[in-house]
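Engineer: The structure under discussion is supplied below as structure tokens; questions concerning it will follow.
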Amino acid sequence: MLVYSLNEWIPLLTGTFRYDHGWTLPYSAPFNVGLFLLLRLHFGHPLLAYAVSAACFLALLLADVVPVR
0 MLVYSLNEWI PLLTGTFRYD HGWTLPYSAP FNVGLFLLLR LHFGHPLLAY
50 AVSAACFLAL LLADVVPVR
């Protein structure tokens, strides 16, 4: 997970990478942690991973993090 986040941070420092729409590295790093945890969960328990993923999506949607037009 650290390598994945460093893969974003180093190009960000060199100016070859940028975030749009208010996204930043402090958002990206926890997202990467959640991504890899769900990937590991999916490897052993795919249906549970789908349920957790759907619950996370609904929580973000209800928290008004995801803009709905």
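So in numbering that gives the first Met the number 0, spot 65 of the sequence shown is number 64, and the numbers just go up one at a time. Glycine included, each C-beta is placed from N, C-alpha and C at the ideal position.
(1) Near Leu40, which residues of its chain fall below 7 Å by C-beta distance, leaving aside the five closest residues on each side in sequence?
(2) Compute the distance between the beta-carbons of Leu24 and Leu12, then report whether it is under 8 Å.
(3) Along the chain, where does the alpha helix (DSSP H) containing Ala28 start, and where does it finish?
(4) Where do the ends of the alpha helix (DSSP H) carrying Thr13 lie?
Structural biologist: In this structure, then:
(1) In the sequence shown, counting from the first residue as 1, residue 40 sits at position 41. Closer than 7 Å at the Cβ level, and outside the excluded window around Leu40, lie Leu47, Ala48, Val51.
(2) As a working note, residue 24 is residue 25 in the sequence shown. As a working note, residue 12 is residue 13 in the sequence shown. Contact: no.
(3) Counting from 1 along the sequence shown, the entry for residue 28 is found at position 29. Ala28 -> alpha helix (DSSP H) spans 24-43.
(4) Sequence index remark: in the sequence shown, residue 13 carries index 14 (1-based). That run of the alpha helix (DSSP H) goes 1-13.
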